[in-house]
Amino acid sequence: MYNLHLSAEQLEIRDTVRDFVTREIKPVALKASRLDVQDRSLLTAQIDAGSQLGLRTLALSEGLGGAGADALTFCIVTEELAAGDADIAGILSETSRLSHVLFDHAMNDAQRDKFLPKFLSDDKFHLAFAGHESETRLGVNYHRPDAADAAVKTSAAKSGGDFIVNGVKGTVANAPVAGLFAVLVNIPGRTSAGVLLVPADAPGVSVRAHDKAWHHGACGEVTFKDCKVPAANLLGGDAATLLGADAAGRGNPLYQALNLGIGRAAYDAALDYAHLRVQGGRPLIEHQAIATKLAEVAIKLEVARAAIWQAAWASDHPEAIADRSLADLPLTTMTQVFVGETLLKATKDAAEVFGAMGVMRDMPLQKYVNDARVCLHSGDGVTDAKLRIAEMLAGYRRASSGAMAAE
Amino acid sequence: MDFNLSNEQRSWQMAARKFAEEEIRPISLERDAIPTAAETFDWEIIKKGSKLGFRTLAVPKEWGGHGTDFVTQALVMAELAKADSAISKAFSQNWKWSHLISAACTQEQKERFLKPFVADDTFVLGKGITEPSAGSDNRLPPDDIKAGLKLKAERKGDEWILNGEKAFIANAPIGKLFFIDARTDHTVPLKQGTTLFLVPRDTPGFRIGKVFNKSGWRFYQNGEMIFENARVPHANVVGEVGGSVKKTGGRGGDTTGGDIFGDLELCANALGICDDACETAMKYAKTTKQGGQVLFAQQNIQLQINKMFMLTEALRSFVMRVAWEHDMKIHSCNAGLAMNYSTDVVQEVTELYMEVRGANGGVMDHHTDKLVRDSIIWSHLAGDSVQRMKVARRLAAA
Numbered sequence: 060m061y062n063l064h065l066s067a068e069q070l071e072i073r074d075t076v077r078d079f080v081t082r083e084i085k086p087v088a089l090k091a092s093r094l095d096v097q098d099r100s101l102l103t104a105q106i107d108a109g110s111q112l113g114l115r116t117l118a119l120s121e122g123l124g125g126a127g128a129d130a131l132t133f134c135i136v137t138e139e140l141a142a143g144d145a146d147i148a149g150i151l152s153e154t155s156r157l158s159h160v161l162f163d164h165a166m167n168d169a170q171r172d173k174f175l176p177k178f179l180s181d182d183k184f185h186l187a188f189a190g191h192e193s194e195t196r197l198g199v200n201y202h203r204p205d206a207a208d209a210a211v212k213t214s215a216a217k218s219g220g221d222f223i224v225n226g227v228k229g230t231v232a233n234a235p236v237a238g239l240f241a242v243l244v245n246i247p248g249r250t251s252a253g254v255l256l257v258p259a260d261a262p263g264v265s266v267r268a269h270d271k272a273w274h275h276g277a278c279g280e281v282t283f284k285d286c287k288v289p290a291a292n293l294l295g296g297d298a299a300t301l302l303g304a305d306a307a308g309r310g311n312p313l314y315q316a317l318n319l320g321i322g323r324a325a326y327d328a329a330l331d332y333a334h335l336r337v338q339g340g341r342p343l344i345e346h347q348a349i350a351t352k353l354a355e356v357a358i359k360l361e362v363a364r365a366a367i368w369q370a371a372w373a374s375d376h377p378e379a380i381a382d383r384s385l386a387d388l389p390l391t392t393m394t395q396v397f398v399g400e401t402l403l404k405a406t407k408d409a410a411e412v413f414g415a416m417g418v419m420r421d422m423p424l425q426k427y428v429n430d431a432r433v434c435l436h437s438g439d440g441v442t443d444a445k446l447r448i449a450e451m452l453a454g455y456r457r458a459s460s461g462a463m464a465a466e
Numbered sequence: 134m135d136f137n138l139s140n141e142q143r144s145w146q147m148a149a150r151k152f153a154e155e156e157i158r159p160i161s162l163e164r165d166a167i168p169t170a171a172e173t174f175d176w177e178i179i180k181k182g183s184k185l186g187f188r189t190l191a192v193p194k195e196w197g198g199h200g201t202d203f204v205t206q207a208l209v210m211a212e213l214a215k216a217d218s219a220i221s222k223a224f225s226q227n228w229k230w231s232h233l234i235s236a237a238c239t240q241e242q243k244e245r246f247l248k249p250f251v252a253d254d255t256f257v258l259g260k261g262i263t264e265p266s267a268g269s270d271n272r273l274p275p276d277d278i279k280a281g282l283k284l285k286a287e288r289k290g291d292e293w294i295l296n297g298e299k300a301f302i303a304n305a306p307i308g309k310l311f312f313i314d315a316r317t318d319h320t321v322p323l324k325q326g327t328t329l330f331l332v333p334r335d336t337p338g339f340r341i342g343k344v345f346n347k348s349g350w351r352f353y354q355n356g357e358m359i360f361e362n363a364r365v366p367h368a369n370v371v372g373e374v375g376g377s378v379k380k381t382g383g384r385g386g387d388t389t390g391g392d393i394f395g396d397l398e399l400c401a402n403a404l405g406i407c408d409d410a411c412e413t414a415m416k417y418a419k420t421t422k423q424g425g426q427v428l429f430a431q432q433n434i435q436l437q438i439n440k441m442f443m444l445t446e447a448l449r450s451f452v453m454r455v456a457w458e459h460d461m462k463i464h465s466c467n468a469g470l471a472m473n474y475s476t477d478v479v480q481e482v483t484e485l486y487m488e489v490r491g492a493n494g495g496v497m498d499h500h501t502d503k504l505v506r507d508s509i510i511w512s513h514l515a516g517d518s519v520q521r522m523k524v525a526r527r528l529a530a531a
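Line by line, the protein sequences are chains A and B. So the number in our numbering is just where the residue sits in the first sequence, counting from 1, plus 59. So the number in our numbering is just where the residue sits in the second sequence, counting from 1, plus 133.
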């Protein structure tokens, strides 16, 4: 059975979000002052409005007050948001993703009782996972055991009924807007890393926003200095694995959906312009050269969407791999490489349609090209992603824990 | 076949390299980071470069310039661009139009305009062709008489009255003298009805509008020009009335300097960016360690760097061949092809550079970001489909 129909509910949520983006995000996001990639302030009011629409809690289960969206729905919503503003899409999707992992899976009842009401009642309450410390790329370690530097350096030392946290986490998504951090820590005396819940207002927590860094959404460095947190805030079991990097390459391809939204915005703008702009005696769209370019962009977007939707659906249906319906491959990592490389080319082609206006900072196309470039080169790079795919093809299994854990 | 440079060529190359490393590179990122487009320009670097000859490099010796050949010009552009592509272009833009003055202006016009240009370190040239509704239509003019530039010039006694506007004009915000293409006959297509005028900045009725806020080439100023009953003496007509396109090579195949130099200029400038990216990537790969090993130890890094150098050296061969063909007065379409090719190369090389840079963490530094932003300019100037079709049509007509 092969079925690509979206449910009535999925279609409705897509239309709702698309309408929200058209009415509330685009008029602000497309203002000239907002298009300069050097100077991009967060559209806070629109993020709050997105929260009121339920997009901050999209993936949280319905039982806990969310919408319980599956991976495919989540990707569809993220694409729509990113077509309006990649930063809004980045922030809302990160909080929504973490709300599901933390509240539905990782927390115990007491922890949930403590943090969920605050989270649900405040549209400005976002979540962040502070896992990242130093850049540990696969690189030289391809098909070799991990280097020792993969160990978590931020420590949480037990002191009576508390943990005292010390350390620095870099490039933490959502750090500047987070109300609660899930912090990957090294607990002396334990063999594997743990995850500790640290409220952003806990004494000893400080956040420095990366204002011009290479990211979408809000991102920052978090420093913990003698930060005291009740021992009850330690998450149990496999929290580190749940929250950590997608080692199996089969997670929800949210970042690729965000990338797709950027590409679609560029394509939509180029297609509109190609109808309006007349050169050579005809609208641009009637010229072979531009028509072919736009066709190539449309092809790239559609094939990218197919890959993203398949990977998203597969992340919710591991049985489809078990029953041999889908190939036993890291579909999300493969999607990451394809989408990143393909959509940078697509946005560049879309920008070319605009001629000189394609590079002006008060026009949207240069922003889309920049945003697509950020997608290609942020997080785990494409070169690294290919190596991770290759390790799986080679049958190489990593034994160690942490960011490069085996599946 | 002789690939050796003459002593004179070598000496200009070395002077350019020294100026680029000692004066241009130290200010490059700082200028690029200035948020307001109109404030990125720096007269000090222009004055310093002018005193060393980099403003008047292409002016014939008999007029007080340096009379260098095209090979020298290509070498200097690449050296300057290696430190900052936009600053290199700010210098070479003057060569482009001093070629045109030499080729197309009368003795009397040269006296009036070339002499003061040579004498004044802050005398900068520009040329206004593009208009808000006429970009590609000027490059590949259709037969439709309504298509193409619209700036109107009407004769009134000894003067021409100009009305209309130009957009994206290089050096407009800072230039002292501009070549302006205007329609003098609206009843015939662009090719026959356009006349070229010399318009000094202080011409009554002529003013500069906004400075365009580009994502790359920040130092290089592109501006609006507004003509409201601007009065230009008939003595400032370049060549014949209705002869602009023929004179400046709008149809291609021109060998007088302006247009054909422009093609060489863009590919030589791109070569400078590629050289910078290659050198920086190699240094980064050899000095940055990951897991106790330098990045260069990795096969993927070696392959990326190999491709960067391979493409760059192929571009260098093409650029130098085109420059040499210009000096030998060999008529070919290679300049246009090299310009198109440089678009593909400069973007692939800078994107590979990002890959190398990202191998250790993904965050791009300002220099990397600048190279990539600068190289995107080629998409809209040297390698868009119109620029490629234009060269194909030159080939077909050859």
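Glycine residues also receive a C-beta, built at the ideal position from the N, C-alpha and C atoms. This structure is a prediction, so every number in the text was calculated from the model and none was measured.
Worksheet entry | Short Cβ contact (8 Å threshold) for residue 391 of chain A with residue 374 of chain A | yes
Fill in: C-alpha gap between residue 81 of chain A and residue 179 of chain A, whole angstroms
26 Å
Worksheet item: Short check: CB of residue 515 of chain B to CB of residue 483 of chain B, under 8 Å?
Response: no
Worksheet entry | Within the region 277-360 of chain B, ranges of the alpha helix (DSSP H) (whole runs, at least 4 residues) | 323-326
Discussion item. Buried or exposed, going by whether 16 or more other CB atoms sit within 10 Å of the CB of residue 528 of chain B?
Written reply: exposed
Fill in: Backbone secondary structure at residue 97 of chain A - three-state DSSP
coil
Practice prompt. Starting from residue 223 of chain A, trace the beta strand (DSSP E) both ways and give me its first and last residue.
Written response: 221-232
Item to complete: Buried or exposed for residue 443 of chain B, please, with buried defined as at least 16 other CB atoms from any protein chain shown within 10 angstroms of its CB.
Response: exposed
Practice prompt. Report the neighbours of residue 347 of chain B on chain A: residues whose CB is nearer than 9 Å to its CB, in chain order.
Written response: 415, 418, 419, 420, 425
Discussion item. Taking 8 Å as the cut-off, does the region 398-406 of chain B touch the region 234-243 of chain B (at least 3 CB pairs, one atom from each stretch)?
Written reply: no
Practice prompt. For residue 505 of chain B, decide whether its Cβ has a neighbour in chain A, counting only Cβ atoms nearer than 8 Å.
Written response: yes
Worksheet item: Rounded to whole angstroms, how far is the Cβ of residue 433 of chain A from the Cβ of residue 349 of chain B, which I believe are closer than 8 Å?
Response: In fact, because the Cβ distance is near 16 Å, the residues do not count as touching under 8 Å.
Worksheet item: Helix, strand or coil: how does DSSP classify residue 247 of chain A here?
Response: coil
Practice prompt. Return the chain-ordered list of same chain residues with a C-beta closer than 7 Å to the C-beta of residue 85 of chain A, the five sequence neighbours on each side being excluded.
Written response: 143
Worksheet item: If you drop the 5 nearest sequence neighbours on each side, which residues of the same chain put their C-beta closer than 8 Å to that of residue 427 of chain A?
Response: 321, 322, 324, 325, 328, 406, 409, 410
Worksheet item: At a CB-CB cut-off below 7 Å, which residues of chain B make contact with residue 442 of chain A?
Response: 433, 488, 492
Worksheet item: Does the distance from the CB of residue 80 of chain B to the CB of residue 261 of chain B come in under 8 Å?
Response: Residue 80 of chain B falls outside the range modelled here, since chain B spans only 134 to 531, and no answer is possible.
Practice prompt. Out of A/100, A/238, A/253, state which residue places its alpha-carbon closest to the alpha-carbon of residue 245 of chain A.
Written response: A/253
Worksheet item: Going by alpha carbons, who is nearest to residue 186 of chain B out of B/293, B/447, B/227?
Response: B/227
Worksheet item: Is there a Cβ from chain B that is less than 8 Å from the Cβ of residue 410 of chain A?
Response: yes
Fill in: Residue closest to residue 209 of chain B, alpha-carbon to alpha-carbon, out of B/141, B/347, B/361, B/308
B/141
Item to complete: Could you check which residue in A/69, A/288, A/429 has the C-alpha nearest to that of residue 146 of chain A?
Response: A/429
Practice prompt. Please classify residue 63 of chain A: is it buried, with 16 or more other beta-carbons within 10 angstroms of its beta-carbon, or exposed?
Written response: exposed
Fill in: Euclidean distance between Cα positions of residue 99 of chain A and residue 216 of chain A
39 Å
Item to complete: Measuring only between beta-carbons, confirm whether residue 182 of chain A sits less than 8 Å from chain B.
Response: no
Worksheet item: Just the Cα atoms here: how many angstroms apart are residue 320 of chain B and residue 253 of chain B?
Response: 41 Å
Worksheet item: Which of the three DSSP states, helix, strand or coil, is assigned to residue 208 of chain B?
Response: helix
Worksheet item: When you compare only the Cα positions, how much space is there between residue 458 of chain B and residue 246 of chain B?
Response: 29 Å
Discussion item. Quick check: the Cα distance between residue 167 of chain B and residue 97 of chain A, rounded to an integer number of angstroms?
Written reply: 10 Å
Worksheet entry | C-beta neighbour in chain A for residue 147 of chain B, strict 8 Å | no
Worksheet entry | Nearest-angstrom Cβ-Cβ length linking residue 346 of chain B and residue 420 of chain A, presumed shorter than 8 Å | 4 Å
Discussion item. Using a 10 Å radius around the Cβ and a threshold of 16 neighbouring Cβ atoms, would you call residue 165 of chain B buried or exposed?
Written reply: buried
Worksheet item: Is it a yes or a no for the region 499-517 of chain B touching the region 430-438 of chain B, going by three-plus beta-carbon pairs under 8 Å?
Response: no
Worksheet item: Is there contact between the region 356-371 of chain A and the region 301-321 of chain A, where contact requires at least three CB pairs shorter than 8 Å?
Response: yes
Worksheet entry | Nonlocal neighbours in the same chain, by C-beta distance under 7 Å from residue 233 of chain A, ignoring five residues either side | 150, 153, 154, 185, 186, 187, 276, 277
Worksheet item: Is there contact between the region 165-179 of chain A and the region 115-125 of chain A, where contact requires at least three CB pairs shorter than 8 Å?
Response: yes
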